[in-house]
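In terms of the working numbering, the sequence shown opens at residue 124 and continues consecutively. In what follows, a structure is listed as structure tokens, so that the remarks can point back to it.
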Amino acid sequence: MAKELKDLTKRSENYSQWYNDLVVKADLAEQSAVRGCMV
């Protein structure tokens, strides 16, 4: 788990990217067939 946390963008540097990284790594959402959308 510690290794996975190293791959996350720091929340203080880029909140939007951090949130997206977190959602994808936690398998809360995945890319859809429609470009730019997550399910």
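Yeah, the Cβ is synthetic: ideal placement off N, Cα and C, and Gly gets one too. A quick note: this is a predicted structure, and the numbers were derived from the prediction, not measured.
- Between the alpha carbons of Gly159 and Glu153 lies a gap of roughly 11 Å.
- For Gln140, DSSP records no beta bridge to any residue.
- In this structure, the straight-line span from the alpha carbon of Asn143 to that of Asp130 is close to 12 Å.
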